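**Q** Following the numbering used here, the numbering of the sequence shown begins with 26 at its first residue and continues without gaps. Could you have a look at this structure, given as structure tokens, before my questions?
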Amino acid sequence: RELPPPRPGPGEVVVDTEAIPVLFVETQLRAGVLPGAAMSGVFGAQAAGVVSDIGDGVDRTLIGRRVLVSGQGIGTYAEKVCAGVAAIVPIPDGVSASGAAATTMGGSVALALANRAASGAADTVLIEAAGTGIGNYLTQILRRRGVGRILATAGSAANRASARAAGADEVFDHRSDEWPADLGAVLGDDTIDVVFDSIGGDTTRGLTALLTGRILFYGLLSGRPPQLSPADLMGGGTSITACA
């Protein structure tokens with residue numbers, strides 16, 4: 026629908042959008058998977074583009090700057106987006122608008138997960154769905170930080186190759202029912218210190234026997250959260266943290 030152009034208020038800017046990411050969570054909202062999230066307005070949580078107008082109290086040098094809008098709430102599926110200055114960040118030279126839009130959500134979540142895990146050179150980690158998106162960025166970050174052993178899963182041959190290129194030492198096909206057993210065979214007497222769980226569902230329970238650390242749960246690729254009870258966590262003293 027056509028609406029009047031937005032007018033920036035004090036401390037706000039208007040961004041002419043050039044690229045708008047479609048986030049996984051938005052597909053779940055649209056599908057009705059997330060409870061209590063009925064939407065009646067415009068979708069979109071991020072956008073990349075050029076500042077075209079500013080409100081009172083905003084630095085005029087921002088006009089014409091390439092920026093990414095993030096954390097402003099819902100409504101970026103539009104030609105123009107009004108946002109507070111605190112919700113924009115500059116796009117570095119050499120990065121396209123589509124590149125900035127595509128990497129910001131996945132990269133920022135991966136960085137937060139890596140910082141939360143605080144894994145080191147002596148640790149063994151398992152990254153689920155490491156072929157694309159958050160899992161792939163997380164693999165790259167942990168490899169650059171010198172994490173000792175990075176195990177990963179991916180659901181296609183191309184994604185498994187991508188996970189290896191990102192720095193995974195071993196990659197398993199999580200579409201196979203046998204992959205937890207294959208993982209156990211590769212581990213031998215070793216155990217996992219951190220599982221980055223983006224799949225959830227029944228698979229997580231099968232990993233607890235291989236884990237002496239913690240699970241950071243942040244995704245629902247299976248459509249369900251990890252199917253665990255406190256008893257499943259007792260054997261190895263395992264903990265699980267939901268990371269929003």
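Backbone N, C-alpha and C define an ideal beta-carbon position, used for all residues, glycine too. Treat the numbers as computed from the prediction; the structure is a model and nothing was measured.
Would the stretch 116-126 and the stretch 97-108 be scored as touching if the rule is three or more Cβ pairs under 8 Å?
**A** By the C-beta criterion, the stretch 116-126 is judged not to be in contact with the stretch 97-108, since fewer than 3 inter-stretch pairs fall below 8 Å.
**Q** Quick one: give me the first and last residue of the beta strand (DSSP E) that Ile159 is part of.
**A** As a position in the sequence shown, residue 159 is number 134, starting the count at 1. Premise fails: Ile159 lies in the alpha helix (DSSP H), 158-169, not in any beta strand (DSSP E).
**Q** Going by the CB atoms, is the gap between Ala191 and Arg169 shorter than 8 Å?
**A** Along the sequence shown, read from residue 1 onward, the residue named residue 169 stands at position 144. Along the sequence shown, read from residue 1 onward, the residue named residue 191 stands at position 166. It is not a contact, given that the beta carbons lie outside the stated cut-off.
**Q** Got a sec? Which residues, its chain only, sit under 7 Å from Thr157 by beta carbon, not counting five neighbours each side?
**A** Position 132 of the sequence shown holds residue 157. Answer for Thr157: Asn184, Ser187, listed in chain order.
**Q** So does the stretch 109-120 actually touch the stretch 130-138, counting three or more Cβ pairs closer than 8 Å?
**A** no
**Q** Compute the Euclidean distance between the alpha carbons of Asn161 and Asp215, then round it to the nearest angstrom.
**A** By one-based count along the sequence shown, residue 161 stands at place 136. By one-based count along the sequence shown, residue 215 stands at place 190. Distance between the alpha carbons of Asn161 and Asp215 is about 24 Å.
**Q** Quick one: is Gly305 buried, meaning 16 or more other Cβ sit within 10 Å of its Cβ, or exposed?
**A** Outside the modelled stretch of the chain, which goes from 26 to 269, sits residue 305, for which no answer is possible.
**Q** Quick check: the stretch 84-91 against the stretch 27-36, are at least 3 beta-carbon pairs closer than 8 Å?
**A** no
**Q** Is Asp78 helix, strand or coil by DSSP?
**A** Here residue 78 refers to the residue found at position 53 when the sequence shown is read from its first residue. Looking at Asp78 - three-state DSSP - the assignment turns out to be strand.
**Q** Determine whether the beta carbon atoms of Ala139 and Pro46 lie at a separation below 8 Å.
**A** By 1-based counting over the sequence shown, the position of residue 139 is 114. By 1-based counting over the sequence shown, the position of residue 46 is 21. No, Cβ-Cβ distance for Ala139 and Pro46 is not below 8 Å.
**Q** One question on the structure: do Gly145 and Val172 come within less than 8 Å of each other, judged by their Cβ atoms?
**A** Locating residue 145 in the sequence shown gives position 120, counting from the first residue. Locating residue 172 in the sequence shown gives position 147, counting from the first residue. Result yes, Cβ atoms of Gly145 and Val172 sit closer than 8 Å.
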